[in-house]
Amino acid sequence: MSADTKKETMGFQAEIQQLLDLMIHSLYSNREIFLRELISNASDAADKLRFEALGDQKLFEDEPELKIQVEYNKDQKTISVYDNGIGMSREEVVSHLGTIAKSGTREFFKSLTGDQARDSRLIGQFGVGFYSAFIVADRVEVVTRRAGLPRGEGVRWISEGKNEYTVETLDRPKRGTRVTLHMRDEAAEFLDGYRLRSIIRKYSDHISIPIVMPAEGKDSKGEDVVNSATALWTRPKKDIKDEEYQEFYKHVGHDFEPPLTWTHNKVEGKTEYTSLLFIPARAPFDLWDRERRHGVKLYVRKVFIMDDAEQLIPAYLRFVRGIVDSDDLPLNISREILQHNKTIESIRSGCTRKVLDLLKSMADEDPEKYAGFWSQFGRVLKEGVVEDSERKEDLARLLRFASTHEETEKQQVSLTAYKERMKEGQKAIYYVTAENYKTARHSPHLEIFRKKGIEVLLLTDSIDEWLTTHLTEFDGQPLQSVAKGELDLDGVKSPENEETDKQARKKAGKEYKDLLKSIEGALKDKVKEVRTTDRLTESPACLVAGDHDMGRHLQQILKAAGQNITEVKPVLEINIEHPLLRRMLDEQKDEARIGDWANILFDSALLCEGGQLEDPSGFVRRMNAMFIEMSGAG
Ligand code: ADP
Ligand code: MG
């Protein structure tokens, strides 16, 4: 006997222990889902076998009919779920049932709060169905053999859901997996044929292979098929209940919660296929992990071909779950072929269209629901504006942004709504980009807009910087950063005497000519130019980028991403109506002082934008000196 056929006791990955505890305690009110999860896994295993057998018929051994058997034994207090699917090798058992091989797992567990109601929802979207067995069982035994391996390479895995499990190799004539639950006393109610059948019908009716139970009653012989055993998506839409769609989603999406919405379409014509696509209610914790699985599954004539067929849906819709079943693809299609296949291209384009239509009607008909969607997936959808130039316009209509005209960050507006409330004479859609909502909201660049009552969109996702380089206009209106170029707000009337203000400023500007020169001299390494501003009403100064220059925020993001960028110097705009500037005018003969104050102006403008000072202690020293002088102590 080789070393690894022996019985071994192994410890669970630390997170699994935590997960098990949480599952047992928090999913207690909905214990019956354990069966749904085990059947879901059995069905996946059958799908995988059928797919692998396309290349190697021998994998079917002498049992080509795939099915799932559910049995119970009242005396022994066991329930078992058996499938003749793909099974697992010893290595697979250890890795699939002993670890969670998903990146971000540790971070996910750190985010748990200890609030069980909330955490259990998170657990749900984490999709670790197998462990739900421990909600009802105090011992779980898995006996399995991978299809194609010799019968001597069966595996038994046993755990009590504490810290550890055992694995051993054993003789196993049948391929596939049997999961046997030794039920807790409190879960004895499930040892009942009627109960089990009704749970199967409730949650697993959509499973496309038969789920059978031993026949019960007087002359009980043979077995009954408990579910409908037809692929859900092949049934006419009108015959499918919402609950059925929802349960199907939980299976394909590996989610515990119902989806937000879905779209089911049978496409006829040149390419024929059926798609059933769901939008989850909540973003999975690994949404940002590009390696993660569970996207849209591809079926060919009802035979499962692959998970997460990324060619079927663009990356910016990677949150979509569901299936595509095509009649027009060969069964032996590979991922490589998918990449240059006309049929796939046409399916992808059709699916994209359907999802965008679905989102659009949700946005139109149920803005609140759409806001929920946006808060979960908006950042991903924004990638589409950058990646999918063909649908840029449609995607732009789906965007939502925080705005100066809304009270809170949560109330977000569409570009269409913005356009409708533009001021007379306003020539662009204005936005400000910043690291976060507060910085954006309090940006000095907004002062003149506030005064004139012009709405400004507050863009705070890092992707917004790319978004705005690709989305330069919307519906005939240019999008313009409030921190770039020269502003042209002359067409918009302001409540006060703006015109005379402006003229007065112009006149006064002459008086400041020399001062501007001195400031520019003092900051010549940091700024391109110093000029008077039309943007500010309260702050003394702000930084502005040239019309075609990269904004400071984007420069910062690129630098953080390790990119080598040539820095573009900003323009410093100063507000000559500010008392500080008047004071500087009085003191302009004192070059050293003007130099210090010019640096203070620059540094505080940078801070207001959320920027980082190159020499913070220099800033503090100059500020202190200024305080002392201003208070007359110096
Ligand atoms: P998920 O189904 O979301 O992957 P689970 O916790 O339900 O997560 O299952 C974990 C893994 O264990 C599965 O991905 C699969 O590899 C393996 N597994 C579970 N049940 C079976 C089964 N009946 N047959 C083969 N493999 C299984
Ligand atoms: Mg599962």
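With this note's numbering applied, the sequence shown covers -4 to 629.
Backbone N, C-alpha and C fix where the C-beta goes; we use that ideal spot for every residue, glycine too.
Keep in mind the model is a prediction, meaning the values are calculated, not measured.
Beta-carbon spacing of residue i, residue j below 8 Å
i      : j      : result
Ile342 : Thr403 : no
Val174 : Arg196 : no
Ala669 : Leu410 : Outside the modelled stretch of the chain, which goes from -4 to 629, sits residue 669, for which no answer is possible.
Ala128 : Leu14  : no
Val131 : Ala182 : yes
Gly149 : Val137 : no
Leu454 : Val487 : no
Tyr635 : Trp257 : Beyond the ends of the chain as shown, which are -4 and 629, falls residue 635; an answer cannot be given.
Ile11  : Leu176 : no
Asp219 : Met208 : yes
Glu66  : Arg170 : no
Arg141 : Gly93  : no
Gly606 : Ala429 : no
Pro254 : Ile274 : yes
Ile28  : Tyr198 : yes
Leu30  : Leu191 : yes
Where residue i falls: helix, strand or coil (DSSP)
i       : result
Phe104  : helix
Thr73   : strand
Arg146  : helix
Ser24   : helix
Asn260  : strand
Met(-4) : Its pLDDT being 48, under 50, Met(-4) is placed unreliably by the model, and nothing is read from it.
Ile11   : helix
Lys479  : strand
Pro574  : helix
Asn36   : helix
His177  : strand
Pro611  : helix
Phe243  : helix
Ser84   : coil
Lys157  : coil
Lys2    : coil
Met417  : coil
Lys292  : strand
Gln64   : strand
Phe469  : strand
Met579  : helix
Thr338  : helix
Val646  : Because the chain spans -4 through 629 in this model, residue 646 falls outside it and cannot be assessed.
Leu452  : strand
Ser223  : coil
Phe46   : helix
Val131  : helix
8 Å Cβ shell around residue i - same chain, five flanking residues per side excluded
i      : result
Ala540 : Ser476, Ala478, Lys479, Gly480, Gly546, Arg547, Val563, Pro565 and Val566
Gln334 : Gln306
Glu159 : Thr4, Met5, Gly6 and Phe7
Leu482 : Ile443, Asp529 and Arg530
Lys2   : Thr161, Val162 and Glu163
Leu351 : Arg386, Asp389, Leu390 and Leu393
Lys554 : Ile560
Per-residue burial, residue i [other beta carbons within 10 Å of its own, 16 or more giving buried]
i       : result
Thr229  : exposed
Leu354  : buried
Thr172  : buried
Thr464  : exposed
Met(-4) : In this prediction, Met(-4) has a pLDDT of 48, which is less than 50 and means its spatial position is unreliable; what the coordinates show is noted afterwards. Label assigned to Met(-4): exposed.
Ile623  : exposed
Ala48   : buried
Lys292  : buried
Ile560  : exposed
Ser398  : buried
Ser84   : buried
Val615  : exposed
Tyr365  : buried
Glu440  : Before going further, note that residue 440 is His rather than Glu in the sequence given. Per the 10 Å Cβ criterion, buried.
Asn619  : exposed
6 Å Cβ shell around residue i - same chain, five flanking residues per side excluded
i      : result
Tyr425 : Val451, Gln475 and Val477
Leu462 : Lys377 and Val380
Pro168 : Arg146
Gly590 : Ala517
Beta-carbon contacts of residue i that lie in its chain and below 7 Å, excluding the five residues immediately before and after
i      : result
Asp322 : Glu267, Tyr268 and Arg296
If you pair each beta-carbon of the segment 512 to 531 with each one of the segment 588 to 602, do three or more pairs fall below 8 Å? yes
Please confirm if the segment 497 to 513 is in contact with the segment 565 to 583, defined as three or more CB-CB distances below 8 Å between the two stretches. yes
Should the segment 9 to 25 be regarded as contacting the segment 34 to 47, the criterion being three or more beta carbon pairs within less than 8 Å? no
Taking 8 Å as the threshold, find out whether the segment 293 to 307 comes into contact with the segment 315 to 327 through three or more Cβ pairs. yes
Report yes or no: do the segment 568 to 576 and the segment 519 to 530 share at least 3 C-beta pairs separated by less than 8 Å? yes
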